[in-house]
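S.K.:
In the numbering used here, the protein residues as written are 529 to 1015.
(1) Have a look at 893, 974, 933 and flag the residue whose alpha-carbon is nearest the alpha-carbon of residue 686.
(2) What would DSSP say about residue 666, mapped onto helix, strand or coil?
(3) So what's residue 655 in DSSP terms, helix, strand or just coil?
(4) Do you know offhand how far residue 621's Cα is from residue 571's?
(5) I think residue 617 touches residue 705, with their Cβ atoms under 8 Å apart; what is that distance to the nearest whole Å?
(6) Please report the distance separating the alpha-carbon of residue 694 from that of residue 674.
(7) Nearest by alpha-carbon distance to residue 634: which of 585, 654, 862, 576 is it?
(8) Got a sec: is the Cβ-Cβ distance from residue 574 to anything in chain D below 8 Å?
(9) Identify, in the order they occur along the chain, each residue of the same chain with its Cβ nearer than 8 Å to the Cβ of residue 780, setting aside the five sequence neighbours on each side.
(10) From residue 603 to residue 732, what distance separates their C-alpha atoms?
(11) Once the 5 residues before and after residue 994 are set aside, which same chain residues still bring their CB inside 6 Å of it?
(12) Can you list, in chain order, the residues of its chain whose CB lies under 7 Å from that of residue 859, leaving out five sequence neighbours each side?
(13) Take the Cβ of residue 710 as the centre, count every other Cβ of all protein chains shown within 10 Å, and call the residue buried at 16 or more, exposed below.
(14) Please determine if the stretch 768–778 and the stretch 809–821 are in contact, where contact requires at least 3 C-beta pairs separated by less than 8 Å.
(15) Let me check one thing: in DSSP terms, what residues is residue 594 bridge-paired to?
(16) Is it true that the CB of residue 855 sits closer than 8 Å to the CB of residue 753?
(17) Of all the alpha helix (DSSP H) runs that stay within the bounds of the stretch 869–937, which reach a length of 4 or more residues?
(18) Just mark residue 725 as buried or exposed, buried being the case when its beta carbon has 16 or more other beta carbons within 10 Å.
(19) Taking just the CA atoms, how far does residue 791 sit from residue 915?
(20) What first and last residue would you give for the alpha helix (DSSP H) that runs through residue 842?
(21) Leaving out five residues before and five after residue 715 in sequence, what residues of the same chain have Cβ atoms less than 6 Å from its Cβ?
(22) Around the Cβ of residue 976, are there at least 16 other Cβ atoms within 10 angstroms (buried) or fewer (exposed)?
(23) Identify whether residue 577 lies in helix, strand or coil by the three-state DSSP scheme.
(24) Starting from residue 720, trace the beta strand (DSSP E) both ways and give me its first and last residue.
(25) Mind checking residue 827: buried by the 16 CB within 10 Å criterion, or exposed?
(26) Taking buried to mean at least 16 other C-beta atoms within 10 Å of its own C-beta, is residue 887 buried or exposed?
(27) Quick one: what's got a C-beta closer than 8 Å to residue 845's C-beta in the same chain, skipping five residues either side?
(28) Which class does residue 1018 belong to by DSSP, given the choice of helix, strand or coil?
(29) Can you tell me whether DSSP reads residue 680 as helix, strand or coil?
(30) Determine the extent of the beta strand (DSSP E) in which residue 799 is found, giving its start and end residues.
(31) Quick check on the DSSP output: the alpha helix (DSSP H) that includes residue 864 runs from which residue to which?
(32) Could you pull out every unbroken beta strand (DSSP E) segment of at least 3 residues lying fully inside the stretch 735–812, listed in chain order?
(33) Rounded to the nearest angstrom, what separates residue 933 and residue 707 at their Cα positions?
(34) According to the neighbour-count rule (16 or more other Cβ atoms, all chains shown, within 10 Å of its Cβ), is residue 954 buried or exposed?
(35) Restricting to Cα atoms, I'd like to know which of 652, 703, 671 is closest to residue 660.
(36) How would you call residue 580, buried or exposed, if buried means at least 16 neighbouring beta carbons within 10 angstroms?
So, in structure tokens, the structure goes:
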């Protein structure tokens, strides 16, 4: 039954060639699973929980989901009337790949936690991600009525689209249908869904999440390591730009290097420090390409015939004697640059804000929401605009200081561990108060434990409403753009 729910209904035709399904940096188009009619949503849910009941009774489904009957059932669903074109074109290798993926994704169904002392013993399930990670919460809700809270700092369905570009059209279509329907079911059953930013929230809404359930909770980060740097902006080199992060093609360091070439024409003393390391072979190859490009654009310069040449671009890693910590990386320059073409929640940008640095960023992902009006924002893949924004800050120390101070204040208000804990504490109380699930709390002797549950947990209300965001820190604040910077 489950494969039939995946393949029916013209699953994700547009993802075959990437024509209209998603844009990595923006919001998706129509998605599989979003806005499902009730019968189709119920069919997926019935199949999912039917498999869970079978796993509970049989002690697991790992071998069954990879068996020949399972693959044949998937094949029948792909050939059934109403199946999408990509699904109908699935061949045996495609079916085997999909079956293997489904077995891994549904592995939580086979764990031994169906008893009252397992999932039934908790008051609330908090899934820190969507996708298969939310399955335990769905099971607890289905079998025991346990309320479910789902947090997504990066939408799992979007991640699936971005990380499987090389799969065949049939595999992409079938897996997109499965993950789309799983996302819709997760959002439908959750009491609250907490996106980490508005960018993620838009994805969740397009995937079927009810707006009334959505509560944005920004990630909590430790600001303490950046306190000394943030309170000493004068220690920065006024002629240095800093880029920090994981080195990969999505960060578009090529555009940054071309932009820096323009910066050097206007401000010849400027240096660029690229701080980071690749995470995989693709990143390693990209780093080599960027080093070669930097050597081509900026041949080693020397003051005279007997001086040692020096390149204005350096590639460094955190952990060395010059940059032992991330805070030291941001302290090295007066302006921090983000040049990405794809970005979710920009952690490095928040670190720069904690460090009190003025920033120039590309308008991708949640960048504008994070920055507000405390930094310059330019279009992605536009080296000239990036260069103009950098030059404007290099030439205006007073503005750099104002923006850096405002950025630090905004980050301390919105993105600390403390605000994150307070937000989830309120959501936990509100969630528990809304559910009829009540269990007596017992002490070691078996007697009732007084005051074991906060009074707020017995009163349905919004326990996070009192923490209003300051007007200056709201995302709707006017953006400082490169055009404004030049005026």
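We put the beta carbon where it would ideally sit given N, CA and C, even for glycine.
M.R.: Quick look at the numbers:
(1) 893
(2) helix
(3) strand
(4) 27 Å
(5) That belief does not hold up - the Cβ atoms of residue 617 and residue 705 are roughly 14 Å apart, past 8 Å.
(6) 39 Å
(7) 576
(8) Looking at the structure shown, chain D is missing, and only one protein chain is on hand.
(9) The residues are 867, 868, 869, 890, 908, 909.
(10) 30 Å
(11) For residue 994, the predicted structure reports a pLDDT of 49, less than 50, and the residue's modelled location is therefore unreliable. A value from the coordinates is still provided. Closer than 6 Å at Cβ, skipping near neighbours: no residue.
(12) 757, 763, 764, 883
(13) buried
(14) yes
(15) DSSP lists no partner for residue 594.
(16) yes
(17) 875–882, 895–899, 911–922
(18) buried
(19) 5 Å
(20) DSSP places residue 842 outside any alpha helix (DSSP H); the residue lies instead in the beta strand (DSSP E), whose first and last residues are 841–844.
(21) 721, 736, 737
(22) exposed
(23) helix
(24) Segment 720–723, the beta strand (DSSP E) holding residue 720.
(25) By the neighbour-count rule (16 or more Cβ atoms within 10 Å), residue 827 is not buried but exposed.
(26) buried
(27) 803, 804, 805, 851
(28) Given a span of 529 to 1015 for the chain in the structure shown, any question on residue 1018 remains unanswerable.
(29) strand
(30) 799–803
(31) It is not in any alpha helix (DSSP H) - residue 864 instead sits in the beta strand (DSSP E) that spans 863–866.
(32) 768–772, 799–803
(33) 42 Å
(34) By the Cβ neighbour-count rule, residue 954 is buried, with 16 or more other Cβ atoms within 10 Å of its own.
(35) 703
(36) buried
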